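Everything below concerns the one structure shown next.
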Amino acid sequence: MRKLSSGNGRSERSKGVLICDDEPLMRQLLATVIEMHDGLHVAGQAANGVVAISEAERLQPAVIILDLSMPQLTGLDALPEIKRVAPDALVLVFSGFAAAMVAADVLALRADRYLEKGASPAPTIKTIEDLIQARPPLPRRFPKSNAGPRPGPPR
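If you're matching positions, the sequence shown starts at 66 in our numbering and goes up one per residue.
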């Protein structure tokens, strides 16, 4: 697939993806697939949960692919902090753990989707596309309202 160039090799509407996985080959595979896809580019990579948090805060990517089993800080432990420092990022947990075992916990921590490793690249890209299309972009900060307090329920 060929991307539309904006001078930096990326399409102007390209969405940044942060890949967080401790396995270098998995990061490389995901990066290759993402970079081949129009509309997506790899914003950064992290090999552990501590770096995942700092890169999420620094890069503010559109999508974060997060493995659960990483050194220093697991993806499960990093997830709440990632959502705090990058609140607009969509988080796709991509893990080798069976969905039945951890999906409910991951979604309770505000991950946007769970996908088991072992899926071919096509479903992974489709899941990222679905995430992006399902949620319209939100403003970084909502303007303060001058409307005053809202009235309570009628008595």
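In this text, a Cβ means the ideal position worked out from N, Cα and C, and glycines have one as well.
Treat the numbers as computed from the prediction; the structure is a model and nothing was measured.
Residue environment, residue i, which counts as buried when at least 16 other CB atoms sit within 10 Å
i: S30; result: Within the shown structure, residues of the chain are numbered from 66 to 220, placing residue 30 beyond reach of any answer.
i: G140; result: buried
i: P126; result: buried
i: Q93; result: exposed
i: D101; result: Sequence check: residue 101 is Met here, not Asp. It is exposed - the Cβ of M101 has fewer than 16 other Cβ atoms within 10 Å.
i: P202; result: Because the pLDDT of P202 is 45, which lies under 50, any placement of that residue in the model is unreliable, and the question is left without a value.
i: N176; result: Before going on, a small fix: residue 176 reads as Ala here, not Asn. A176 should be labelled buried.
i: Q222; result: Outside the shown range of the chain, which is 66 to 220, sits residue 222, and nothing can be said about it.
i: A173; result: exposed
i: D153; result: exposed
Counterpart residues of residue i in DSSP-defined beta bridges
i: L180; result: F159
i: Q110; result: I84
i: L105; result: K80
i: V128; result: V82, L155
Supposed contact pair residue j and residue i - C-beta distance, whole angstroms, cut 8 Å
i: I147; j: A169; result: The pair is not a contact, with the Cβ atoms about 19 Å apart (cut-off 8 Å).
i: S160; j: D195; result: Actually they do not touch by this definition, with Cβ atoms about 18 Å apart.
i: L83; j: L138; result: That pair is no contact at about 15 Å.
i: I129; j: L95; result: About 12 Å; that fails the 8 Å criterion.
i: T192; j: R178; result: 6 Å
i: M135; j: N113; result: 5 Å
i: S79; j: G104; result: 6 Å
i: V171; j: V150; result: Not quite, the Cβ-Cβ distance comes to about 18 Å (not below 8 Å), so this is no contact.
C-beta neighbour in chain B for residue i, strict 9 Å
i: L83; result: Included in the structure is just one protein chain, with no chain B present.
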